[in-house]
Each structure stands twice: as structure tokens, then as C-alpha cells.
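Enquirer: If you read the sequence shown in numbering that gives the first Met the number 0, its first letter stands for residue 0, the second for the next number, and so on.
From the three backbone atoms N, C-alpha and C, an ideal C-beta is built for every residue, glycine too.
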Amino acid sequence: MKYVMAIETSCDDTSVALVDETGFVKFCRAENQDQVHKPFGGIVPEVAGRQHAENLLPLIETALSESKISWSEVLGIAVTSRPGLVGSLLVGLITAKTLALTHSLKFIGVNHIEGHIWAPFLKDETYKPATEELPFLSLVISGGHSHIFLVKGMGQYKLVGKTLDDAAGEAFDKFAKLTGLGYPGGSKVDAAAVGGNPAAFAFPRPMLHDNNFNFSFAGLKTAAHNLLKTMSQDEIKKNIADLCASYQNAIVEVLVAKILRASDEFKIKHLSITGGVSANSQLRRQLAAQCEKKKLQMSMAPLRYCTDNAAMIGGVGLRRLLRGESSDFDLPPSAKSSATDFETLS
Ligand code: KG4
Ligand code: ZN
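1. Using C-beta distances below 6 Å, list every residue in its chain close to P205, excluding the 5 sequence neighbours before and after it, in chain order.
2. Would you tell me roughly how many angstroms separate the C-alpha atoms of T97 and D11, rounded to the nearest one?
3. Is P57 near the ligand KG4, in the sense that its beta carbon is under 7 Å from a heavy atom of that ligand?
4. Just to confirm, does D172 get its C-beta within under 7 Å of one of the non-hydrogen atoms of the ligand KG4?
5. Regarding T306 and the ligand KG4, is the C-beta to nearest heavy atom distance less than 7 Å?
6. Sorted by chain position, which residues of the same chain lie with C-beta nearer than 6 Å to R319's C-beta, five sequence neighbours on each side aside?
7. Looking at A191 and I239, is the spacing between their C-beta atoms short of 8 Å?
8. In whole angstroms, give me the CA-to-CA distance for G143 and I93.
9. Using 8 Å as the Cβ pair cut-off and three pairs as the minimum, do the stretch 147–156 and the stretch 120–129 touch?
10. Could you tell me how far apart the beta carbons of I116 and V150 are, in whole angstroms, since I believe they sit closer than 8 Å?
11. Using only the alpha-carbon positions, how far apart do L74 and D19 sit?
12. Please name the residue, chosen from I42, E113 and K37, that lies closest to A309 on a Cα-to-Cα basis.
13. Three or more C-beta pairs closer than 8 Å, one from the stretch 61–81 and one from the stretch 35–48: is that the case here?
14. Determine, using beta carbons only, whether I76 and A47 come nearer to each other than 8 Å.
15. For G22, name the three-state secondary structure that DSSP assigns.
16. Heavy atom of the ligand ZN less than 7 Å from the Cβ of H269, yes or no?
17. So is the beta-carbon of G41 under 7 Å away from any non-hydrogen atom of the ligand ZN?
18. Going by DSSP in three states, H146 sits in which element: helix, strand or coil?
19. Answer with buried or exposed for S254, where buried requires no fewer than 16 other C-beta atoms within 10 angstroms of its C-beta.
20. Below 8 Å, how does it come out for the stretch 292–309 and the stretch 22–30: are there three or more Cβ pairs, yes or no?
21. Answer yes if the stretch 284–298 comes into contact with the stretch 172–191, meaning at least three C-beta pairs across the two stretches below 8 Å, and no otherwise.
22. When we look at the beta-carbon of S80 and count the other beta-carbons within 10 Å, is it buried (16 or more) or exposed?
23. Quick check: G83 and A278, are their CB atoms within less than 8 Å of each other?
24. According to DSSP, is E324 part of a helix, a strand, or is it coil?
25. Three-state secondary structure (DSSP) at C305?
26. State yes or no: is the C-beta of G194 nearer than 7 Å to some heavy atom of the ligand ZN?
27. What residue ranges within the stretch 143–184 form continuous beta strand (DSSP E) runs of no fewer than 3 residues, ordered along the chain?
28. Name the DSSP beta bridge partners of K122, please?
29. Cutting at 6 Å between CB atoms, please list the residues of its own chain near L88, excluding the five before and the five after it.
30. Tell me whether N110 sits in a helix, a strand or coil according to DSSP, three-state version.
31. May I ask whether a heavy atom of the ligand ZN can be found less than 7 Å away from the beta carbon of H51?
32. What does a CB cutoff of less than 7 Å around A170 pick up in its chain, not counting 5 residues either side in sequence?
33. Give every residue of the same chain whose Cβ lies closer than 6 Å to the Cβ of T280, excluding the five residues on either side of it in the sequence, and list them in chain order.
34. Could you name the residues of the same chain whose beta carbon sits closer than 8 Å to that of H36, not counting the 5 residues immediately before and after it, in chain order?
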């Protein structure tokens with residue numbers, strides 16, 4: 000059996016994975032930097048890059064030794080090349096290129112968002128995905144992206160809708176900061192919302208009724224800011240479950256409505272959610288219920304593949320390497336996707 004060595008350093012987690020030729024994840028681990036960034040209330044790019052430089056090689060060594068795999072069993076190296084923090088991407092990319100040269104292996108740069116799109120179809124010892132029914136609609140929601148793609152196959156995408164301002168994850172993170180729940184925000188809001196009344200506070204549902212598949216979360220953030228300004232710290236603390244449930248509900252309602260509308264419009268019977276925000280428990284529950292009602296297939300990654308991870312980069316890298324693709328050694332890191340990455344279908 001041969002394996003792809005996968006590296007993901009696009010943001011603040013250093014992640015390494017080994018994915019075998021059949022797409023089975025043999026190893027996937029991330030070194031979390033949360034504690035390092037916590038005092039700053041958000042990610043400091045220079046600090047993230049330095050942490051990656053310290054953590055990456057030891058994690059690669061651990062992946063190989065714990066899995067009892069040698070470099071001779073590695074068929075290629077997959078690494079996130081865009082989009083992301085350039086200083087962070089650079090560490091992964093230089094490491095991947097150096098290891099590829101050292102061990103005479105092919106390497107392939109993978110778009111981080113493309114990694115998220117295919118993450119629900121990874122498999123491992125405890126997760127077996129449903130069939131990869133094509134085409135499907137993929138709602139990619141994370142700290143940096145809120146996109147809906149129509150996916151017809153590997154490399155065949157149409158961007159159907161996207162956020163016009165902030166990403167859904169940013170809206171969660173900002174709210175967690177404003178309410179004092181801290182960083183990282185989304186999972187804290189999710190946990191604090193348990194048992195809260197989602198109708199207790201009225202938050203706007205941005206663009207809910209607009210006849211398109213785009214999102215906007217900046218206004219929701221402002222509404223939260225204005226409401227919280229009128230409340231004392233004590234009141235916020237006392238009402239935290241209701242506040243979180245109401246705010247979360249506003250985001251989830253818009254996300255669910257838009258992907259369902261897109262499935263009607265394009266007559267697509269298979270929906271998928273992926274990216275950090277797809278870990279949200281209310282979103283998962285609500286969308287699963289709607290899909291059951293409407294007899295739609297629903298694919299969602301297990302929590303470990305929702306947030307940033309190298310297995311998803313390995314999954315895409317594997318498919319591309321097996322098709323004979325590879326990247327040139329002058330491939331640069333880039334903060335943004337390239338214009339040709341996703342507008343591949345008209
Ligand atoms: O995909 P990801 O790990 O990194 C990016 O590519 O951005 O997503 C991180 C985002 C953060 O904004 C985080 O707050 C959010 O995902 N997130 C959640 C939950 N878990 C993580 N948002 C809502 N509910 C969650 N349970
Ligand atoms: Zn991501």
C-alpha cells in the first residue's frame with residue numbers, strides 16, 4: 000500500500016495526514032495554536048507562521064513513526080498552496096517541496112477550499128461516507144469562506160453563491176468576542192446556546208428573502224454589537240444561553256434556507272456541508288431534518304474533518320496525483336484562490 004503525505008498550514012493549525020491509495024485516512028493530527036493566540040483575541044499571522052515552523056517537521060516524523068510507514072511507501076506529497084495566510088502557507092509549501100526533492104517524490108499544491116469540498120468523502124476506521132453521488136451542492140462555511148458550489152466532479156465546479164462581506168465563521172467569532180465567551184468563537188457559541196431560547200432576541204436574517212444564493216453577515220454583527228452595548232456584563236452573562244441561541248439561529252436559518260433554495264433551483268438531490276462552521280450542532284440537526292423531509296441525500300463530515308485538517312488536503316492531492324497531475328517547484332503560496340480554481344463550469 001502507498002500513501003500520500005499531506006500538509007495543511009493555511010491558518011493557525013499545523014496539520015499532517017497520511018491517506019492511503021484508496022482514500023482511507025491512516026493518520027491525521029493537528030497541532031492546535033489556540034493557546035498561543037488566545038491572549039490576542041484572534042490569530043496573529045507572524046506568530047502562526049513561527050508556530051508552524053516549529054511544529055511541522057516533528058509532526059511529520061510522528062505521523063510516519065506512529066503509522067509505521069517509511070518514506071519508501073509514500074507516493075507523493077500534497078500541501079495547501081492557497082488561499083490562506085501567506086506566511087503560514089509558505090512554511091508548509093517549502094517543507095513539502097524540500098521533502099519531495101529529498102525523497103524524489105511528486106508534490107501537488109491543493110486549494111484549501113477544494114479540500115473542504117471533498118472532506119465529507121474521506122473514510123477512516125470509524126467513518127464510512129455515503130456514496131459520492133454527483134452532482135452535489137457543497138456549502139463551504141468556515142472562518143474565511145461562505146460559499147455554495149455546484150460540484151460535478153473533481154475540478155468541475157460552479158460558484159453558485161457566496162458571502163458579500165464577512166464569512167459565517169467570522170460572525171460566530173465576533174459574537175463570542177463581544178459576549179466575552181472568548182476565542183475560538185464558533186464552538187463556544189454553539190455550546191453556550193444549548194438550552195437557550197432561539198426566539199428570545201430578535202436578530203436580522205440578512206438576505207433571507209433575496210432571490211439569489213449569496214450571504215451577508217456584516218449587518219448581523221452590527222445588530223449584535225448594538226444590542227450588547229445596551230446590556231451590562233451581568234445581563235449578558237445571565238442571558239448568555241438565550242443570546243447565543245438567538246444569534247446562532249439567525250445564521251443557521253439563512254444557511255439552511257439558501258442551500259435548500261439552491262437545491263430546488265438546480266434540481267440537485269445531494270447536499271453537503273463542510274468547513275469549520277459545519278461542526279455547528281444546530282445547523283447539522285436542522286439541515287439533516289430538512290433533507291429527510293425533502294428526501295435529499297445529505298453528506299456531512301465527522302467533526303474531525305469539518306475544521307481545518309490535512310486529511311482533506313491528502314484526499315484531493317491523492318485524486319489529482321492518481322490522475323497524473325503534479326505541481327511545479329516554483330508554485331507560490333497565495334492569499335487568494337486563483338481565478339480558474341472554481342469557475343470551471345459555466
Ligand atoms: O474551516 P476552519 O477550521 O478554518 C478556516 O478555514 O477558516 O473554520 C474555522 C471557523 C471558525 O470561525 C470557528 O469559529 C468556526 O469555524 N466553528 C464553528 C464551530 N466550530 C468551529 N462555528 C459554529 N459552530 C461550531 N460548532
Ligand atoms: Zn478551512
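Expert: Quick answer:
1. As a position in the sequence shown, residue 205 is number 206, starting the count at 1. Answer for P205: S215, G218 and L219, listed in chain order.
2. Walking along the sequence shown from the start, residue 97 turns up at place 98. Walking along the sequence shown from the start, residue 11 turns up at place 12. If you take the alpha carbons of T97 and D11, they lie about 22 Å apart.
3. What you label residue 57 is simply residue 58 of the sequence shown in a count that begins at 1. P57: no, Cβ never under 7 Å from the ligand KG4.
4. Counted from its first residue, the sequence shown places residue 172 at position 173. D172: yes, Cβ under 7 Å from the ligand KG4.
5. If you number the sequence shown from 1, residue 306 lands on position 307. Under cutoff, so the answer is yes.
6. As a first step, residue 319 is located in the sequence shown; it is residue number 320 there, counting from the start. Same-chain partners within the cutoff: I107.
7. Numbered from its first residue, the sequence shown carries residue 239 at position 240. Numbered from its first residue, the sequence shown carries residue 191 at position 192. In this structure, A191 lies closer than 8 Å to I239 by Cβ.
8. To locate residue 143, count along the sequence shown from 1; it is residue 144. To locate residue 93, count along the sequence shown from 1; it is residue 94. Answer to the nearest angstrom: the Cα atoms are 23 Å apart.
9. no
10. For the purposes of this step, residue 116 is taken as residue 117 along the sequence shown, with counting starting at 1. For the purposes of this step, residue 150 is taken as residue 151 along the sequence shown, with counting starting at 1. About 6 Å separates the two Cβ atoms, so the contact holds.
11. By one-based count along the sequence shown, residue 74 stands at place 75. By one-based count along the sequence shown, residue 19 stands at place 20. About 9 Å.
12. As a position in the sequence shown, residue 309 is number 310, starting the count at 1. With distances taken between Cα atoms, A309 lies closest to E113.
13. no
14. If you number the sequence shown from 1, residue 76 lands on position 77. If you number the sequence shown from 1, residue 47 lands on position 48. Going by C-beta atoms, I76 is not nearer than 8 Å to A47.
15. Position 23 of the sequence shown holds residue 22. G22: coil per DSSP, three-state reduction.
16. Within the sequence shown, numbered from 1, the residue matching residue 269 stands at position 270. The answer is no for H269.
17. Within the sequence shown, the letter at position 42 stands for residue 41. Not under cutoff, so the answer is no.
18. For the purposes of this step, residue 146 is identified with residue 147 of the sequence shown, where counting begins at 1. Strand, per DSSP.
19. Within the sequence shown, the letter at position 255 stands for residue 254. The amino acid at residue 254 is misidentified as Ser; the sequence shows Leu. When all chains shown are included, L254 counts as buried.
20. yes
21. no
22. Mapped onto the sequence shown, residue 80 falls at position 81. It counts as buried.
23. Residue mapping note: residue 83 aligns to position 84 of the sequence shown, counting from 1. Residue mapping note: residue 278 aligns to position 279 of the sequence shown, counting from 1. No, the Cβ-Cβ distance between G83 and A278 is not below 8 Å.
24. By 1-based counting over the sequence shown, the position of residue 324 is 325. E324 falls in the coil class under three-state DSSP.
25. Translated into positions along the sequence shown, residue 305 becomes position 306. In the structure shown, C305 sits in a helix (DSSP, three-state: H, G or I).
26. Translated into positions along the sequence shown, residue 194 becomes position 195. No, since every heavy atom of the ligand ZN falls outside the 7 Å radius drawn around the Cβ of G194.
27. 145–152 and 155–161
28. By one-based count along the sequence shown, residue 122 stands at place 123. DSSP output for K122 lists F23 as bridge partner(s).
29. For the purposes of this step, residue 88 is taken as the residue at position 89 of the sequence shown. Excluding residues within five positions, the ones whose Cβ falls inside 6 Å are S9 and P332.
30. As a first step, residue 110 is located in the sequence shown; it is residue number 111 there, counting from the start. Residue state, collapsed to three classes: strand.
31. Within the sequence shown, the letter at position 52 stands for residue 51. Not so, every heavy atom of the ligand ZN lies at least 7 Å from the Cβ.
32. The sequence position of residue 170 within the sequence shown is 171, counting from 1. F216, L219, K220 and I250, listed in sequence order.
33. Position 281 of the sequence shown holds residue 280. Per the sequence shown, the amino acid found at residue 280 is Ser instead of Thr. Closer than 6 Å at Cβ, skipping near neighbours: D189.
34. For the purposes of this step, residue 36 is taken as residue 37 along the sequence shown, with counting starting at 1. So the list reads D11, I42, V43, V46, A47 and Y182, once near-sequence residues are dropped.
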